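Here the structure comes first, spelled out in structure tokens, and everything after it is commentary.
2 protein chains.
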Amino acid sequence: MSLYAELADRLREHIEHGFYKPGDKLPSVRQLATEHGVSISTVQEAYRTLETERLVEAKPKSGYFVPSQPHNDNLPHTSRPPQRPLDVSQWEQVLNLLSNRPANTRIQLQHAAPDMTVSTLTPLLKSLSDLHRQHPDWGLGYGDIRGHIELREQLSRLAVASGCQLHHDDVVVTSGCQEALSVCLRAVSAPGDIIAIESPCFYGAMQAIKAANLKALEIPTHPEHGISLEALQLALDQWPIKAILVTPTANNPLGYVMPEDKKQALYKLAQEYDIAIIEDDIYGDLTYEFPRPRAIKAFDEDGRVLLCSSFSKTVAPGMRVGWIAAGRYRDQVTHIKYVSSSMCPTLSQIALAKFLRLGGYDRHIRKIRNTYATSRDQLLQAIKIHLPNATRVTCPAGGFVLWVEFPPEVDTTKLTEQAQEHGVAIASGSLFSATGKYRSCCRLNYSDQTAELRTEGIKIIAQLIKAEHPNLF
Amino acid sequence: MSLYAELADRLREHIEHGFYKPGDKLPSVRQLATEHGVSISTVQEAYRTLETERLVEAKPKSGYFVPSQPHNDNLPHTSRPPQRPLDVSQWEQVLNLLSNRPANTRIQLQHAAPDMTVSTLTPLLKSLSDLHRQHPDWGLGYGDIRGHIELREQLSRLAVASGCQLHHDDVVVTSGCQEALSVCLRAVSAPGDIIAIESPCFYGAMQAIKAANLKALEIPTHPEHGISLEALQLALDQWPIKAILVTPTANNPLGYVMPEDKKQALYKLAQEYDIAIIEDDIYGDLTYEFPRPRAIKAFDEDGRVLLCSSFSKTVAPGMRVGWIAAGRYRDQVTHIKYVSSSMCPTLSQIALAKFLRLGGYDRHIRKIRNTYATSRDQLLQAIKIHLPNATRVTCPAGGFVLWVEFPPEVDTTKLTEQAQEHGVAIASGSLFSATGKYRSCCRLNYSDQTAELRTEGIKIIAQLIKAEHPNLF
Chain A
1 MSLYAELADR LREHIEHGFY KPGDKLPSVR QLATEHGVSI STVQEAYRTL ETERLVEAKP
61 KSGYFVPSQP HNDNLPHTSR PPQRPLDVSQ WEQVLNLLSN RPANTRIQLQ HAAPDMTVST
121 LTPLLKSLSD LHRQHPDWGL GYGDIRGHIE LREQLSRLAV ASGCQLHHDD VVVTSGCQEA
181 LSVCLRAVSA PGDIIAIESP CFYGAMQAIK AANLKALEIP THPEHGISLE ALQLALDQWP
241 IKAILVTPTA NNPLGYVMPE DKKQALYKLA QEYDIAIIED DIYGDLTYEF PRPRAIKAFD
301 EDGRVLLCSS FSKTVAPGMR VGWIAAGRYR DQVTHIKYVS SSMCPTLSQI ALAKFLRLGG
361 YDRHIRKIRN TYATSRDQLL QAIKIHLPNA TRVTCPAGGF VLWVEFPPEV DTTKLTEQAQ
421 EHGVAIASGS LFSATGKYRS CCRLNYSDQT AELRTEGIKI IAQLIKAEHP NLF
Chain B
1 MSLYAELADR LREHIEHGFY KPGDKLPSVR QLATEHGVSI STVQEAYRTL ETERLVEAKP
61 KSGYFVPSQP HNDNLPHTSR PPQRPLDVSQ WEQVLNLLSN RPANTRIQLQ HAAPDMTVST
121 LTPLLKSLSD LHRQHPDWGL GYGDIRGHIE LREQLSRLAV ASGCQLHHDD VVVTSGCQEA
181 LSVCLRAVSA PGDIIAIESP CFYGAMQAIK AANLKALEIP THPEHGISLE ALQLALDQWP
241 IKAILVTPTA NNPLGYVMPE DKKQALYKLA QEYDIAIIED DIYGDLTYEF PRPRAIKAFD
301 EDGRVLLCSS FSKTVAPGMR VGWIAAGRYR DQVTHIKYVS SSMCPTLSQI ALAKFLRLGG
361 YDRHIRKIRN TYATSRDQLL QAIKIHLPNA TRVTCPAGGF VLWVEFPPEV DTTKLTEQAQ
421 EHGVAIASGS LFSATGKYRS CCRLNYSDQT AELRTEGIKI IAQLIKAEHP NLF
């Protein structure tokens, strides 16, 4: 390994482990050269490497710093959903979104598919291809209904990064996170029960609530700190809530990471009222900070947290591999998973297990989360420049979607239709409410198209708004 | 094509299209030689080909005949299940069956996995491997939630063989037939509803009933004609049944094909009482007669039949590709399929579509159903020779499982445990009842092990029974 790479490694480690904090000034080039007995240009090269990884930033005439979190003074408002349990509607709109044909859409800001063109996925695809060629018969038979043992072992190792101690027997592999959420909802509740959710909330989770004959109670949610614990406690006092379903780490659609003390407080609340927490961690590994934040599951003393995740956002949705660590609900989860779809295809599980074991997954995540962080800043910049001044927007701490709140006169249901006619797809806000609220909001992704295309999409949206509401500009 | 192959083709066509019926004498060798202007040995070669396909049988000194259905004078009794709707139990036993480790089991008669070693599957595996090598990116993204269009087109063509007119938009692809059944149950009913089923009944269907918070009403079922329409009508008069779930073509576990007039009558009954029929056709293409019998769905005038099937029994369960033709319930089915597991992996769907399009599936089915028919006779022979005289057994008209009814003093739950200790796995009868009935029955498969191993398994079972009940021999 070259000298500069070695030095970059050491600095990266110090930053990632919090030895230097956001905003801290880093040692000067001269200081490091002396300390490590290397040349000035070697230190400069090391800093340049870390700059491309966004771990340091150069300030002219001041030196190198650990970047602070960008300050955001135009956050969306804390949500104010209806204060009673309701049946979920909006399926027609979800179906519409899911049926969107790429052929008609040049600029796709509506979906939440990851970037799947990165070279760090090559080893996985290669091993999947090799498995199909060398061991096609491995994929033919019925496999373990809990999932392939090699994958479950790797998943229990991966869980350490989110602070969870899982045995491979605690893990049940599913057909993606959608099945995980659906199975967990059915495992912890009976028809008619009430599930508390964040508001806005991922539409797939709400549709699973609807299909399981449950009612959704949307809880006010802050765009940077997550579900309001005060509002949740009031709701728990008022309604016989059976479980809380949350996405606390790199939330979809808001992008926040719930602070750790709030995660702990949420867990304590669940304990106090003796209810289950279904924790959707699908974007958890895509937070931009390192090490990744701990999951609520990390604080689980009595098995009431059902952690759901998948490789759909970190690797590729087409893998259809997700999982559940269901704590005390493991047996119910195993039963419902079996009746839902029997076992999952074996070869993708084996290939993913190998990808994890050989470090390919870590390499991929390290690369892709930097890409997403860069794309976030680009998209935020385009929004700031082109959209109405009064537009509010989240600054995600992970994942690859953000949430836009337009001035109230903008109707995103209409805007979505108009944008579609111009080849731009966005996800209208009402998808993320059980009852069609958030009609002046939308979700935009910044994962798998170029910054140029995204900017072009934003410009088209701006023009459409301008045509109806010139006063906003 | 050689002369004998051409002649065999012509004779095969005549037999398969019913020009010669079961039991009919076929033209003599001399007669055919004269008619077709070919040599005696050519005709003999053609007949030998058809003999290996079990389409003709030679009777010494009498000539060649179309085989009659083997007569069966020791059929199991018509079932007499409890006459009220009940909660399904037996999950522990099902889990036990599913968790069976091949490592501990030399002779596997318990599962219902097809023979996956046949060469006719090679083109499918080859194209799946090619797809993974040449177009790995096709498998990465979210696909159509209704299933890949090419596969749905091929499935609508395949449906013609079972008498069904389906448009590709009528078809929703699922993760195997288990998901299909589970989705259909949830689409046609609400928690607490009653579903009428055959008795004995496939355990996976019953566990899906349990998980959907439904009640099962088991209906008496004849081992050769299927569900009793008289008993069903009485039940319909007495209970608010929401749907009937049946496997009328190559039933699991009994193996019968419900006669076509009874299928029609069942459909009329459903019309009269205005309820849905969930038709499990998973073994339908594996019936030993040609052309295959029509599905109940073929008589569906008003979209009340939800046809469920998959490639798990015809090709390989590890493919995890099934489908639903849901008639008037299509929209509900699409919704529940989406929340259950989002879409299915794309590459297996494309590979299967190609397998169907190029005729590989037809070739495979033609070969494998003959293999199964031969194995059925071998297993029936072994049962007749080794098991107690009073043992009753079905003679399946398709698929690869049969049902054994021992004298009442034999407890198959105990027998299953004992056999397992000797490396033989069987599926105990109580798995196939909602409430643990059929304790003197078991299901045996004859798909994927050798006749020698199956015979050895039967001998071990016979010894175990003999040790406890010497009087039975």
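Protein chains in written order, with the UniProt record's numbering: chain A, 1 to 473; chain B, 1 to 473.
Where a beta carbon is used, it is the ideal one built from N, C-alpha and C, also for glycine.
This structure is a prediction, so every number in the text was calculated from the model and none was measured.
Original post:
So, does the CB of B:N213 fall closer than 8 Å to a CB anywhere in chain A?
Top reply: Judged by the 8 Å Cβ criterion, B:N213 is in contact with chain A.
Original post:
Near A:D144, what residues of its chain come up, given a Cβ to Cβ distance below 8 Å and the 5 sequence neighbours on each side ignored?
Top reply: Correct list, in chain order: M343.
Original post:
Does the beta-carbon of B:M206 have 16 or more other beta-carbons within 10 angstroms, so that it is buried, or is it exposed?
Top reply: buried
**OP:** On a CA-only basis, which of A:P123, A:E218, A:M258 is nearest A:Y438? Give me that one, please.
**Re:** A:E218
Original post:
Which residues, taken in chain order from the segment 166 to 188 of chain A, show a beta carbon closer than 8 Å to some beta carbon of chain B?
Top reply: Of all residues in the segment 166 to 188 of chain A, only T174, S175, G176, Q178, E179, S182, R186 place a beta-carbon less than 8 Å from a beta-carbon of chain B.
Original post:
Is there a Cβ from chain A that is less than 8 Å from the Cβ of B:R152?
Top reply: no
**OP:** Take A:G436 and list the residues in its own chain whose beta-carbon comes closer than 7 Å to its own, dropping the five residues that flank it on each side.
**Re:** Exclusion of the five residues before and after A:G436 leaves S89, Q90, S430 as the residues of its chain whose Cβ lies within less than 7 Å of its Cβ.
Original post:
Going by other Cβ atoms of all chains shown within 10 Å of its Cβ, with 16 needed for buried, is B:I385 buried or exposed?
Top reply: exposed
Original post:
What three-state label does DSSP hand B:F299 in the structure shown?
Top reply: helix
Original post:
What are the partner residues of A:W323, as DSSP defines its beta bridges?
Top reply: A:V173, A:S309
**OP:** Could you tell me which residues DSSP puts in a beta bridge with B:V160?
**Re:** In DSSP, B:V160 forms no bridge with anything.
**OP:** Return no unless some Cβ of chain A is closer than 8 Å to the Cβ of B:A316.
**Re:** yes
Subject >> Simplified DSSP state of A:D280, which is helix, strand or coil >> reply: The three-state reading of DSSP puts A:D280 in strand, counting E and B together.
Original post:
How would you list, in chain order, the residues of chain B whose beta-carbon sits under 8 Å from the beta-carbon of A:G143?
Top reply: Among the residues of chain B, those whose CB is under 8 Å from the CB of A:G143 are G318, following chain order.
Original post:
Which residues, in chain order, does the segment 333 to 361 of chain B contribute to contact with chain A at a C-beta distance below 9 Å?
Top reply: Those would be T334, H335, I336, Y338, V339, S340, S341, S342, M343, C344, P345, T346, L347, S348, in chain order.
**OP:** Can you give me the Cβ contacts of A:A58 inside the same chain, cut-off strictly under 6 Å, excluding the 5 residues immediately before and after it?
**Re:** If you ignore the 5 residues before and after A:A58, its C-beta comes within less than 6 Å of the C-beta of Y64, all in its own chain and listed in chain order.
Original post:
Which residue comes first and which comes last in the alpha helix (DSSP H) that contains residue 484 of chain A?
Top reply: Lying before the first or after the last residue shown, residue 484 of chain A is absent from chain A, which here runs from 1 to 473.
Original post:
Do A:L415 and A:L444 have their C-beta atoms within less than 8 Å of each other?
Top reply: no
Original post:
Roughly how many whole angstroms lie between the Cα atoms of B:K367 and B:T374?
Top reply: 11 Å
**OP:** Please name the residue in A:H77, A:E153, A:S2 whose C-alpha comes closest to that of A:S41.
**Re:** A:S2
Original post:
Is the Cβ-Cβ distance between B:I336 and B:V188 less than 8 Å?
Top reply: Inclusion of B:I336 and B:V188 in the CB contact set at 8 Å is not warranted, their separation being larger than that value.
**OP:** Decide if A:F19 is buried, meaning its Cβ has at least 16 other Cβ atoms within 10 Å, or exposed.
**Re:** exposed
Original post:
Nearest to A:P220 by CA position, among A:G139, A:K242, A:T78, is which residue?
Top reply: Nearest option by C-alpha distance: A:T78.
Subject >> Residue(s) in a DSSP beta bridge with B:Q108 >> reply: Within the DSSP secondary-structure output, B:Q108 pairs in a beta bridge with B:A425.
**OP:** Using only alpha-carbon positions, find the residue among B:Q178, B:T412, B:L229 that is nearest to B:Q441.
**Re:** Strictly speaking, residue 441 of chain B in this sequence is Cys, with Gln absent from that position. When C-alpha distances from B:C441 are compared across B:Q178, B:T412, B:L229, the shortest belongs to B:T412.
Subject >> Buried versus exposed call for A:A326 [16 or more other C-beta atoms within 10 Å across all chains shown] >> reply: buried
Original post:
Hey, B:A161 and B:R304: beta-carbon distance below 8 Å or not?
Top reply: no
Original post:
Taking DSSP as the reference, what is the three-state secondary structure of B:A231?
Top reply: helix
**OP:** Give the secondary structure of A:Y64 by DSSP, where H, G and I count as helix, E and B as strand, and everything else as coil.
**Re:** In the structure shown, the three-state DSSP call for A:Y64 is strand.
Original post:
Would you say the segment 165 to 173 of chain B touches the segment 35 to 55 of chain B, given that touching needs at least three Cβ pairs under 8 Å?
Top reply: Taking a contact to require three or more Cβ pairs closer than 8 Å, the segment 165 to 173 of chain B and the segment 35 to 55 of chain B do not qualify as touching.
Subject >> Among B:L306, B:V315, B:A316, the one whose alpha carbon lies nearest that of B:I324 >> reply: B:L306
Original post:
Near A:D169, which residues of its chain fall below 7 Å by C-beta distance, leaving aside the five closest residues on each side in sequence?
Top reply: none
Original post:
What number of angstroms, rounded off, separates the C-alpha of A:D281 from the C-alpha of A:A295?
Top reply: 7 Å
Original post:
Which value, in whole angstroms, describes the spacing of the CA atoms of A:Q381 and B:D302?
Top reply: The alpha-carbon atoms of A:Q381 and B:D302 are separated by roughly 56 Å.
Original post:
Going along chain B in order, which residues have a C-beta closer than 7 Å to the C-beta of A:H148?
Top reply: Neighbours of A:H148 in chain B, taken as residues at a C-beta separation under 7 Å, are lacking, since the least C-beta distance is about 11 Å.
Original post:
So does B:V339 have its beta carbon nearer than 7 Å to some heavy atom of the ligand COA?
Top reply: No copy of the ligand COA appears in this structure; indeed no ligand is present at all.
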